[in-house]
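*Asks:* Same order as they appear, the protein sequences are chains A, B, C and D.
Take any residue in the first sequence, note its place counting from 1, add 218, and you have its number in this note's numbering.
Position 399, counted from 1, in the second sequence is what this note's numbering calls 394; the numbers after and before it change by one each time, with no gaps.
Take any residue in the third sequence, note its place counting from 1, add 158, and you have its number in this note's numbering.
Take any residue in the fourth sequence, note its place counting from 1, add 130, and you have its number in this note's numbering.
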Amino acid sequence: MTISRRGFIGGVLGSAALTGTAGASTVEYFGGYPGRYGLLHDTTLCVGCRSCEVACKKVNELPPFEGNAIDDHSVFDNKRRTTDTALTVVNRYREADDQHPAVYRKLQCMHCEEPCCATVCPVHAFEKTPEGPVLYHAELCMGCRYCVMACPYYALAYEYENPLTPRVMRCTMCYPRIKEGLIPGCAEACPMGAITFGRRDELIKVARERIRKNPERYVDHIFGENEFGGTSWLILAGVPFKELDLHADVTHEPLPAIGTSYLSVVPLVITIYPGLLAAFYAFSKRKDHLAKQEIEAAVAETRAKADEEAEEKLAKAAEKAKKNQEKAVERAVKEAVAKAGAEQEKGGES
Amino acid sequence: MTRYANPLGSLGLVVAVVALGVPGLGLASEEATHIMSPSTVVMGFPESLGALQRPAVEFDHAIHTKELKSEGCVKCHVVEETSLNPAFKPALNLTDRNGLIDAYHTACVGCHQSRIDASLKAGPVVCGGCHVRHEAATSQWVAMHWDYSLHARHDQVFPDKCGTCHHVYNKAEKKLEYKKGAEDSCSACHGDHDEGKNLSLTNASHTSCVGCHLERSKAGEKAGPTDCVGCHDESVLKTYPPLDPVPRLLRGQHDRSWIGAENTRSGMVPFNHLDHEPQADFCSGCHHANLDPCVKCHTAMGAPEGDLVTLQESYHRVTSSFSCVGCHEERARDTECVGCHRSIPTAVSQRSCAICHSGPSRKEAGPDYPPPPATAKTTLPPLPASTDKLPDTVEIKVLASTYKPVQMPHRKIVEKLDAGIRKSQLASTFHGTTERLCAGCHHHSQEGTFEPHCRACHGEMAAAGIDRPDLKVAYHRQCMGCHEAMGIKKVGCTDCHAAKEVGS
Amino acid sequence: MSESATSLPSSASGRGSLLSPFNVISAVILLGGAAILAVRFTRGLAATTNLSYNYPWGLWIGFDVMSGVALAAGGFVTSSAVYLFGMKEYKPIVRPAILTGFLGYFLVVLGLLADLGRPWRLPYPFIRSAGPTSPLFEVALCVALYLTVLFIESTPAALEWLGLRWWRKVVGSMTIVLTILGLILSTMHQSTLGAMYLVSVLRLHPLWYSAQIPVHFFISAVAAGLSMVIVEGMISHRAFHHQVQISEERFKRINIGLAKGAAVTLAVYFAVKVIGISLENEWHLLGTGWGMWYLVELIGFVLVPCILFSVAYREDNLLLARVAAILTVFGVVLNRFNVTFIAFNWQLPEGQRYVPRWTEIWVTVAFITFAVVAFRWIAQRMPIMYEHPDYKDMH
Amino acid sequence: MHTLFDFLTHTKGITYIVAGILLVCFVPFWRFLTEREKNG
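Shown next, in the form of structure tokens:
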């Protein structure tokens, strides 16, 4: 499935159309530390003797197998995964039949070139060392187990029984041994040379040479060269990788890029939102302000109108009063004249 | 407020529509790879008439032959006395698209329908019944292939009457005639498609072979198979008992002949045809196109009719099973030989040129040169007795820590390998000496010696950069790899070295 | 009860007795939870959870953290609506929503403390060593900040209760800045909670996995927030009926308004989910078993509530709105469960799937009870459901 | 800067700080901008 990180639109509801190219939008290519180590695991050579598991337990001082657990092959009946006491396990993926030998594969942390366990750790407890291995620092770890959840190879384990000082348990590619100039315990123990330790770029050439030399023995693909940005462990197989529970058809884009693709939008939210919301707040305040002004204007207007009416009424009232007065005066004058007239008649009579 | 339709009712409707509609979109289910039986024919449709709108029909010929036994082949095929045309009769020489489609449908569906009406067992009448989509289809159908015993059995039925099957096309008189000494394989002339009168290999073979089988079985005589499974099913082919002894197929070939191209300086190769014949199933093992000499198509510089494979390539190409060197490399992968040869690169080694090119060059031999004299079989000198250079057992203890040292039965191994080489003329000739086989394990030592010791190159630490394993891995890969390749069941840890009591 | 308060509606005097059924039940639950947590911290996570190497995150992360944060989104949704977008009519429900938000986030932190291997190292990302590339770092940062923002935003009720008028004024003046900050922080960590699953490209089922999962998480959180306000309003309205000042009609008006908001949000959420499917061209997956389960979530818990909300808004029917709200809350919790452990590791065979252990469920219920008890304690004393008479005009 | 992981750790770390500062600076900027309205 191709998910293009670069085109990811971080549009978020409720805010302005917030489009930011959220992919790890750098064009620079990170080739990894030069001369870093890797391991080549040739599953066609593996005979399932599990000496690597024994060696790994010895090197890491883990509880050993009881008795000669090595020889009972019933352990291959169901597929195991790495646990906190077994940092590597060998699984059988195809039974032997008369033409072909059985197919085995060793599981362990793949020490990715671009580790997603390191990317998702909130306390930066993982570190990709220049020599190649990805190291874990238990003194920083707070036990959130995001790395265990994120690992696409199901390679990380955790000490669930340990109540107070649980640690993430995983292969360290025998980092102390590498620093001493030795090779990892499993590579040293493997009788068939199914695990070869060396410089990663050289091992890729060796793997290609093996494929070129016997085309009918190998699937022409080195797993781990590019998957999710590539891993330190390189795997050659005679059967399709899907049958070895390996996702060979995935993007070459590293998981850190996919995992952090959205985080580029977060700073945008921090910087755009204040302006946006302040504008919104100002807008709604101004709206209130305008609304308030309108109300005042309306009030002033109504008051003004009211005043005018009052004056008119007053004026009208005054006029009426004046008219009434005049009428009263007329009436009084007429009465007076009438009374005067009547007196003349009476005077006249008298 | 106007009351709308009861809200829950309209809601239920919307949910139902969406819930039912959407999943219908994607009912594709991954289907395991579909395996077609050997007698299943995928009905072809000429591209010239346009692409098929529905998946091609997989016609199960076996069921039809069983069901329509009584009506016989004439139901669908044009059958004459000695020939049966495999083409579908109703669709013969139809060239327009719809006409052809209708022809198929009326014939097949019509027949099914009439059988349903007569309440007989019948095939599908619905489009989806025949036109079924399959993702990855693999077929068990196997191309029919000849071998000496099958040819000899036909020879017994028609003694010295090669003309029954073999014929050549006389261009002048435009007719088929038999020509002694020009017998060849059918595929020499009959190609993939009909070219005018020259039928395709499929049509030609079914017409003559199946036709003849049918006619003889109808007349009650012993006859070959008349159904698809008879020639195209691997398991059935195995049931035909090969003749014992298989008489030699004589077609005028020399027992021994020189092989050498003109104007080359290298010596000619004395080729022993007689000894090489039993190495292949049939002449077509090497004469893969026709019985003409290689140089006719594989010219010195390569020619189109020879797929641009040059003459040198036709003799020396390592990856082809028709070329000399290619076939020899294939023999080197037999179980007796693969132990050592699995890690010997498949390439023409300069050392072995002289073994084949031992004759005089074309120039020295002059214009007419007699066929090569019979050469004696090469027999290798017997294995020398055990000495410290050829010890009976070797104790490998340099690495012994978790396991006890290994007591390697050196003599037994050498004898087993030597027996395999001695038995095969090819191996004896090319090995040349008995000590040659030592290089199988002592792969960087002078012939017959074991210096330098493994430890010299395979140290404590592997040289990963040049893919050279460390000593422990070198031992294990060499021994266990060889055992596994040769089917020797000694691959367990304690099969070779006893475990120390302290436990693994 | 501060003397200066004038005629405050008396608090829940009716059920003052300690032995009321509510108190007894919550006491039992809380004690059980405490016991289980004690076992968790003495004998480790293995003894008290079904967590495994394939399923490092179970119910405590799935519910308390993932769903808890989504359900507590009511706080920022209502406060930003009222203070930033000027929808004054929703003012009465702001305080209960903020309180629910604060207690919700408190519940998230509790869930985190129970789930973390070494909870005392919770501040390490900020003080000891930061992993900025991790979405969880961003979530931790925002949740920490937002918890303080929510705490400050819910102090007015306490200050009013304590009668600290000057402090109340100071907090009042900060409301706008706090609301903006709250909205920013919420937008970030609600979406980044979804971004935490961007890395599990193979382990989360393609139907649920999408490059826009952060957007899905954010929109569903807004929908869950709105629905949670309605559901919380329904419960607290009945529980504190005597304290509520606004009229039934006004309260219904508010809820119907919220229903409209929720309907729009759910419609957008449904659209974005469908786009997620078409972008990755996963139509064929809808035909599989997982497709059916996805449709149950998408149709049953997104489309149906959206239609119910819209019909409730058109018919002005409060009951329908409440039913839709409850359905949405369950829907968002189901989505978070699907993403966290149901559709996670979808290729693993049946036997290795994760099922929460009863102890995990008990502890989660204990956390919820704790939140409810706290809400009730605060609401009885402080002016949450009503406006304190002396501080009527302030923000 | 050899791996993308280092690059992302470096850039995102700084971005958080820068964004934080920008956010904090916005408040005085807003006050500076809307000074006039206060007494209006």
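Beta carbons: idealized from backbone N, C-alpha and C, even for Gly.
Bear in mind the structure is a predicted one, so any value in this text is a computation, not a measurement.
Residue range of the beta strand (DSSP E) that B/HIS29 falls in?
*Replies:* As a first step, residue 29 of chain B must be located in the second sequence, where it is residue number 34. It spans 29 to 31 - the beta strand (DSSP E) in which B/HIS29 sits, taken as one unbroken run.
*Asks:* Find the nearest neighbour of B/THR314 within the set B/VAL304, B/GLN307, B/PRO368 and B/THR341, judged by alpha-carbon distance.
*Replies:* On the second sequence, residue 314 of chain B is found 319 positions in, with the first residue counted as 1. For the residues B/VAL304, B/GLN307, B/PRO368 and B/THR341, the minimum Cα distance to B/THR314 belongs to B/THR341.
*Asks:* Please decide whether A/LEU178 counts as near chain B, where near means a Cβ-Cβ distance under 8 Å.
*Replies:* Residue 178 of chain A falls outside the range modelled here, since chain A spans only 219 to 568, and no answer is possible.
*Asks:* Does the distance from the CB of A/ARG428 to the CB of A/LEU454 come in under 8 Å?
*Replies:* Position 210 of the first sequence, counted from the start, is the residue given in the question as residue 428 of chain A. Position 236 of the first sequence, counted from the start, is the residue given in the question as residue 454 of chain A. Result yes, Cβ atoms of A/ARG428 and A/LEU454 sit closer than 8 Å.
*Asks:* Taking the continuous alpha helix (DSSP H) assigned at B/ASN93, which residues delimit it?
*Replies:* By one-based count along the second sequence, residue 93 of chain B stands at place 98. Looking at the DSSP string, the run of the alpha helix (DSSP H) that includes B/ASN93 is 92 to 112.
*Asks:* Is it the case that the Cβ atoms of A/VAL386 and A/TYR376 are separated by a distance below 8 Å?
*Replies:* Along the first sequence, read from residue 1 onward, the residue named residue 386 of chain A stands at position 168. Along the first sequence, read from residue 1 onward, the residue named residue 376 of chain A stands at position 158. A contact, by the Cβ cut-off of 8 Å.
*Asks:* In terms of residues, what are the limits of the beta strand (DSSP E) holding C/ASN212?
*Replies:* Within the third sequence, residue 212 of chain C is the residue found at index 54, counting from 1. Note, C/ASN212: premise wrong, no beta strand (DSSP E); not H, not E.
*Asks:* Over what stretch of residues does the alpha helix (DSSP H) that includes C/ALA204 continue unbroken?
*Replies:* The residue labelled residue 204 of chain C in the question sits at position 46 within the third sequence. That run of the alpha helix (DSSP H) goes 179 to 206.
*Asks:* Helix, strand or coil: how does DSSP classify B/PHE83 here?
*Replies:* Position 88 of the second sequence holds residue 83 of chain B. Coil at B/PHE83, not helix or strand.
*Asks:* On a CA-only basis, which of B/HIS471, B/GLY482, B/GLU324 and B/ALA480 is nearest B/THR489? Give me that one, please.
*Replies:* Locating residue 489 of chain B in the second sequence gives position 494, where the first residue counts as 1. When only C-alpha atoms are compared, the closest one is B/HIS471.
*Asks:* Return no unless some Cβ of chain A is closer than 8 Å to the Cβ of D/PHE156.
*Replies:* Residue numbering aside, residue 156 of chain D sits at position 26 when the fourth sequence is read from its first letter. At least one chain A Cβ lies under 8 Å of D/PHE156.
*Asks:* Report the rounded CA-to-CA distance for B/GLU62 versus B/MET38, giving the unit in angstroms.
*Replies:* For the purposes of this step, residue 62 of chain B is taken as residue 67 along the second sequence, with counting starting at 1. For the purposes of this step, residue 38 of chain B is taken as residue 43 along the second sequence, with counting starting at 1. Rounded to the nearest angstrom, the two C-alpha atoms are 19 Å apart.
*Asks:* In chain order, what residues of the same chain lie with their CB nearer than 6 Å to the CB of A/PHE294, ignoring the 5 residues before and after it?
*Replies:* What you label residue 294 of chain A is simply residue 76 of the first sequence in a count that begins at 1. ARG310.
*Asks:* What in chain A is Cβ-close to C/GLU296, meaning under 8 Å?
*Replies:* Sequence index remark: in the third sequence, residue 296 of chain C carries index 138 (1-based). The contacting residues are LEU481 and VAL484.
*Asks:* Chain A beta carbons: is any one of them nearer than 8 Å to that of B/GLY219?
*Replies:* Position 224 of the second sequence, counted from the start, is the residue given in the question as residue 219 of chain B. Judged by the 8 Å Cβ criterion, B/GLY219 is not in contact with chain A.
*Asks:* Give the DSSP-derived three-state secondary structure of A/TYR499 in the structure shown.
*Replies:* What you label residue 499 of chain A is simply residue 281 of the first sequence in a count that begins at 1. Looking at A/TYR499 - three-state DSSP - the assignment turns out to be helix.
*Asks:* Near A/LEU532, which residues of its chain fall below 7 Å by C-beta distance, leaving aside the five closest residues on each side in sequence?
*Replies:* Walking along the first sequence from the start, residue 532 of chain A turns up at place 314. Hits under 7 Å: none found.
*Asks:* Which residues of the region 344 to 373 of chain A have a Cβ closer than 7 Å to any Cβ of chain D? Give them in chain order.
*Replies:* Within the region 344 to 373 of chain A, the qualifying residues are LYS346.
*Asks:* What residue from C/TYR282, C/TYR241, C/SER312 and C/THR236 has the CA that sits closest to C/PHE264's CA?
*Replies:* For the purposes of this step, residue 264 of chain C is taken as residue 106 along the third sequence, with counting starting at 1. Among C/TYR282, C/TYR241, C/SER312 and C/THR236, the Cα nearest to that of C/PHE264 is on C/SER312.
*Asks:* Rounded to whole angstroms, what is the Cα-Cα separation between B/SER114 and B/SER182?
*Replies:* Here residue 114 of chain B is taken as the residue at index 119 of the second sequence, counted from 1. Here residue 182 of chain B is taken as the residue at index 187 of the second sequence, counted from 1. Looking at the two C-alpha atoms, the distance is approximately 45 Å.
*Asks:* Considering only their Cβ atoms, is the gap separating C/THR350 from D/THR139 smaller than 8 Å?
*Replies:* If you number the fourth sequence from 1, residue 139 of chain D lands on position 9. If you number the third sequence from 1, residue 350 of chain C lands on position 192. Contact: no.
*Asks:* What residue range does the beta strand (DSSP E) around B/TRP253 cover?
*Replies:* Numbered from its first residue, the second sequence carries residue 253 of chain B at position 258. From DSSP, the beta strand (DSSP E) with B/TRP253 extends over 251 to 254.
*Asks:* With DSSP run on the structure shown, which of helix, strand or coil describes B/ALA218?
*Replies:* Position 223 of the second sequence, counting from 1, holds the residue named residue 218 of chain B. Coil.
*Asks:* Give a yes or no on whether the C-beta atoms belonging to C/GLY383 and C/VAL252 are separated by under 8 Å.
*Replies:* Position 225 of the third sequence, counting from 1, holds the residue named residue 383 of chain C. Position 94 of the third sequence, counting from 1, holds the residue named residue 252 of chain C. No; because the gap between Cβ atoms is not below 8 Å, this pair is not in contact.
*Asks:* For B/VAL52, tell me which candidate among B/CYS125, B/VAL104, B/THR35 and B/ILE416 has the shortest Cα-Cα distance.
*Replies:* Within the second sequence, numbered from 1, the residue matching residue 52 of chain B stands at position 57. Out of B/CYS125, B/VAL104, B/THR35 and B/ILE416, B/CYS125 has the C-alpha closest to the C-alpha of B/VAL52.
*Asks:* Just checking my contact of C/PRO547 with C/LEU217 at CB under 8 Å: how many whole Å lie between their CB atoms?
*Replies:* For the purposes of this step, residue 547 of chain C is taken as residue 389 along the third sequence, with counting starting at 1. For the purposes of this step, residue 217 of chain C is taken as residue 59 along the third sequence, with counting starting at 1. Not confirmed; about 44 Å, so no contact.
*Asks:* Can you pull the chain A residues whose beta carbon is under 9 Å from the beta carbon of B/GLY460, in chain order?
*Replies:* Within the second sequence, numbered from 1, the residue matching residue 460 of chain B stands at position 465. Within chain A, the residues near B/GLY460 are GLY416, ARG417, GLU420, LEU421, LYS423 and VAL424.
*Asks:* On a CA-only basis, which of B/LYS192, B/CYS223 and B/GLY191 is nearest B/GLY206? Give me that one, please.
*Replies:* Locating residue 206 of chain B in the second sequence gives position 211, where the first residue counts as 1. Nearest C-alpha to B/GLY206: B/CYS223.
*Asks:* A/TYR499 and C/ILE334 - do their beta-carbons sit closer together than 8 Å?
*Replies:* The residue given as residue 334 of chain C occupies position 176 in the third sequence. The residue given as residue 499 of chain A occupies position 281 in the first sequence. Yes. Within cutoff.
*Asks:* Does the beta carbon of D/PHE135 sit closer than 8 Å to a beta carbon anywhere in chain A?
*Replies:* Along the fourth sequence, read from residue 1 onward, the residue named residue 135 of chain D stands at position 5. Answer yes: the Cβ-Cβ gap between D/PHE135 and chain A drops below 8 Å somewhere.
*Asks:* What does a CB cutoff of less than 6 Å around B/PRO237 pick up in its chain, not counting 5 residues either side in sequence?
*Replies:* The residue you call residue 237 of chain B lines up with position 242 of the second sequence. The answer, listed in chain order, is SER144.
*Asks:* Report whether the distance from the Cβ of C/LEU294 to the nearest heavy atom of the ligand ZN is below 7 Å.
*Replies:* Absence of the ligand ZN from the depicted structure is noted, as is the absence of any ligand whatsoever, leaving it without description.
*Asks:* List the residues of chain A that D/HIS132 touches, going by C-beta distances under 8 Å, in chain order.
*Replies:* Your numbering for residue 132 of chain D matches position 2 in the fourth sequence. Result: PHE248, GLY249, GLY250, TYR251, PRO252 and PRO348.
*Asks:* Whose Cβ in chain A lies nearer than 8 Å to the Cβ of C/ALA204?
*Replies:* Within the third sequence, residue 204 of chain C is the residue found at index 46, counting from 1. Going along chain A in sequence order, the residues near C/ALA204 (Cβ under 8 Å) are TYR378 and GLU379.
*Asks:* Relative to the C-alpha of A/PRO384, which residue among A/ARG254, A/ALA405 and A/CYS362 is closest?
*Replies:* Taking the first sequence and counting its residues from 1, one reaches residue 384 of chain A at position 166. Selected option, being the one with the closest Cα: A/CYS362.
*Asks:* For B/HIS129, which residues in the same chain have their Cβ closer than 6 Å to its Cβ, ignoring the five residues on either side in sequence?
*Replies:* As a position in the second sequence, residue 129 of chain B is number 134, starting the count at 1. HIS29, listed in sequence order.
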